[in-house]
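Counting in full-length UniProt numbering, the sequence shown runs from 1 upward without gaps. Remarks on the structure that follows.
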Amino acid sequence: MKIWKSVVGKLWITILLLVSFVLFVLTILLLEFFQNYHVDEVEKELLRSAEKVSTILAEHSELMYGLEIVDEIIDSPSQVIITDAEGNRLHATKSEELVVSNKDIASSPMLLKVFTGETVTQEIRVGTLSGSRDRYENVIVSGTPYKHTDGKTYGVFVFQSLQVLKQTTQQTTQVILLAAGIAIILTTIFAFFLSTRITAPLRKMREAAFEVSKGNFSSKVPILTNDEIGELATAFNQMGRQITYHIHALNQEKEQLFSILSSMADGVITINRDGTVLITNPPADRFLEQAHYEKEGEAFQAVPKDVVLLFSKVMETEKEQFTEMTVQGRTYMIVITPLYNEQSVRGAVAVLRDMTEERKHDVLRKDFIANVSHELRTPISMLQGYSEAIMDDIAGTDEEKKEFAKIIYDESLRMGRLVNDLLDLARMEAGYQSISKDDVPISSFIKRISLKFQGVARESSVQLSTENELLGSIWADPDRLEQVFTNLIDNALRHTPEGGNVKIKSSRKGSNAIFEVQDSGQGIHEDDLPFVFERFYKADKARTRGKSGTGLGLAIVKNIINAHGGSIEVRSKLGQGTTFIIELPIKMQNERR
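Here's what the structure looks like:
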């Protein structure tokens, strides 16, 4: 930074210019004063000399004797000339500098004034002894009349060159200029010292201000003085503390707001008046990403077009608006509320609630009621029909009555299984199922389950085999685990055509046990795969091969696996079979109870 652009330079130059101006004016005035003073003194001195000469000449009757005395008392720079009324020179003292002619005296208007009785002092031009007679200079002359004893009046004129006065003035000027130069030098030093003294705290405050602008609000300014600058430094430090306090409070509020928004299940989008997005939380970010992915071919917008239209309506009506939209298969309820400042609407806040599960539950609830009604209606109809047939003696023989009774019995068992499955599922989903864990030897457990279904497999002409790579045991409820494998193997045998095969595999992956129930059936359509574990959901009816089921088995299986802290998934392709994969954690011995 250049010195004249800084506060030090500006203050220094200002003081220097001010003092220089004052010294310049003072020098001019002093020079004028001393010049006038010396001129006045010379005029007074010449007038005293003229009066003194006049007095001496008047006191001596002998003119020549008086002139000798005058020659003795008059200094060399001055010259005394005595003339008569016509300007004729009667006597003149010697002078090394002046040459005053009769013409100079006779032509002077002061001659008349002197011989009329006045004492006159004025400045005239006369020739000099240096050089030619054409060179002139100004002299001061003082004239006074005197009467001689012979009764005649003479004029006494005392001349003095101004050259002496000029020399005196020059010396005075040199002294004044020297004093002014010294004063300017001292002023420069003083101004620089003063400006540095004043601006040192200002530079400290400037450095602290730069630190504050960079975010270092703990920067402080040293308090060097107790004057206004010291008070300014104190105020600056207090301002820094207040800023730090308010920034800390704002950060706490921001963190609190961020924590609240991040922990919310609903999405929140704050939109400015011009439509720009100000604040979003993670659920809202996911919504915007899904909306952008779905509209990838269209021009990018921060918020979907439907939300923009709803926002525009809110800004026009200044009232809350809501809508429902579907993005990537998920249903969102969007409520946009205007945000007000002191005078007008400054924006809006949109709350997005994912209603997919609610809508799904509504559909499942309706399907559940419809499926239960359907599952119960068939056996109830058959019970009612065959019981009426028995009551109306439609069955003529005992064998027919036994057959009708057996059908009624089978349907009642079917209804009992359905009710029991529903009760088991309800208890599992409510968290009331009892899990009694124990060591379950994998090898013997798989072998026992396989032997249990070998007869059914032979009747269906399906090959049932095992492949056990997991030795040892797992910590699980053997009865519930058997219920899981019974359901999966039974489904695999029922959905595998003759000549097919069903395989039970077990292996280990890290700290988890992996079980697979694989069949070579017709497989499950990919549209049905996400719903196979839902209650009463049945895939392609052709896969049932006319064999009935409640549609609750896989839902019960999933709840049992979840209760064990595991997971189950299904993989299937049409015409290539289906595989159910179960992953259960293997607990260490010291964790078992």
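For every residue, glycine included, the Cβ atom is placed at its ideal position computed from N, Cα and C. Note that the structure is a prediction, hence the values are computed from the model and not measured.
Is the separation between the beta-carbon of residue i and that of residue j shorter than 7 Å?
i, j, result
"S473", "V517", "no"
"N281", "G347", "no"
"V351", "V268", "yes"
"I176", "L23", "no"
"T466", "I489", "no"
"A191", "L16", "yes"
"Y332", "D354", "yes"
"T83", "G143", "no"
"L310", "I279", "no"
"Q160", "I140", "yes"
"V277", "A249", "no"
"T496", "V456", "no"
"V314", "P338", "yes"
"V221", "F210", "no"
"D479", "K437", "no"
Comparing alpha-carbon positions, which option in the options lies nearest residue i?
i, options, result
"V46", "T83, L67 and T121", "Residue identity check: residue 46 is Leu in the sequence provided, not Val. Closest by alpha carbon: T121."
"I28", "A58, Q174, S511 and L16", "Q174"
"H525", "Q483, Q576, D479 and V502", "Q576"
"K10", "N251, D227, I243 and T199", "T199"
"G500", "F515, G521 and L488", "G521"
"D266", "I223, A302, T356 and F21", "T356"
"Y146", "T188, I81 and M315", "I81"
"V39", "S20, P338 and N138", "N138"
"E86", "K113, Y245, I182 and F21", "K113"
"residue 594", "F531, S567 and P283", "Given a span of 1 to 593 for the chain in the structure shown, any question on residue 594 remains unanswerable."
"E118", "H148, A92 and T153", "T153"
"D241", "P283, E41, E342 and A208", "Checking the sequence, you will find Arg at residue 241 rather than Asp. Of the candidates P283, E41, E342 and A208, the one whose C-alpha sits nearest the C-alpha of R241 is A208."
"I334", "K52, A284, S381 and Y293", "A284"
"residue 632", "I504, L202 and D392", "Nothing can be reported for residue 632, as the shown portion of the chain is limited to 1 through 593."
"S54", "E43, L67 and S219", "L67"
"I504", "S381, Q454 and E459", "Q454"
"M382", "K204, I408, W12 and T188", "I408"
"Q290", "M325, T317, D477 and S312", "M325"
"M64", "D479, A92 and P585", "A92"
"I229", "R48, S213 and M205", "M205"
"T187", "V212, I13, P304 and Q343", "I13"
"K44", "G151, F115 and V158", "V158"
If residue i and residue j are in contact, beta carbons under 8 Å, what's the gap, nearest whole angstrom?
i, j, result
"E411", "P379", "4 Å"
"F475", "K573", "For the record, residue 475 in the displayed sequence is Trp; it is not Phe. Contact flag wrong, Cβ pair sits at about 34 Å."
"A513", "V502", "With 8 Å as the limit, A513 and V502 do not qualify as a contact, their Cβ atoms being about 20 Å apart."
"I582", "F515", "4 Å"
"E469", "S506", "6 Å"
"E534", "A555", "6 Å"
"I449", "F404", "About 36 Å separates the two Cβ atoms, so there is no contact after all."
"I169", "F34", "According to the sequence as given, residue 169 is Thr; it is not Ile. Going by Cβ atoms, the distance from T169 to F34 rounds to 7 Å, so yes, they are a contact pair."
"V419", "N487", "Going by Cβ atoms, the distance from V419 to N487 rounds to 17 Å, so no, they are not a contact pair."
"S218", "T196", "With a Cβ gap of about 27 Å, S218 and T196 do not count as contacting."
"S567", "I561", "7 Å"
"M415", "L376", "7 Å"
"H148", "L57", "7 Å"
In whole angstroms, what is the alpha-carbon distance linking residue i and residue j?
i, j, result
"A179", "E231", "39 Å"
"R571", "R359", "26 Å"
"I69", "A50", "13 Å"
"L481", "T270", "50 Å"
"T579", "Q483", "18 Å"
"R89", "Q171", "36 Å"
"L18", "I184", "10 Å"
"Q321", "S373", "40 Å"
"D519", "K452", "17 Å"
"Q238", "L261", "34 Å"
"residue 624", "G329", "Residue 624 is absent from the model: the chain starts at 1 and stops at 593."
"K319", "G275", "17 Å"
"R545", "Q384", "Only weak support is given to the placement of R545: the predicted model assigns it a pLDDT of 37, under 50, and the value that follows is read from those uncertain coordinates. Distance between the alpha carbons of R545 and Q384: 26 Å."
"R286", "S259", "17 Å"
"F193", "E253", "49 Å"
"M391", "L413", "21 Å"
"Y340", "L529", "49 Å"
"T317", "P585", "58 Å"
"R508", "K366", "41 Å"
"K541", "R494", "With a pLDDT of only 46 at K541, under the threshold of 50, the placement of this residue in the model should not be trusted; the figure read from the coordinates follows. Distance between the alpha carbons of K541 and R494: 12 Å."
"Q343", "Q256", "27 Å"
"V42", "G181", "29 Å"
"I394", "E388", "8 Å"
"R458", "S511", "36 Å"
(Q) For a minimum of 3 consecutive residues, which ranges assigned as the beta strand (DSSP E) are wholly contained in the segment 319–376? (A) 321–327, 330–340 and 345–354
| Which full runs of the beta strand (DSSP E) of 3+ residues lie inside the segment 438–498, going along the chain? | Taking only runs of at least 3 residues, the beta strand (DSSP E) segments lying wholly in the segment 438–498 are 438–441, 463–468 and 473–476.
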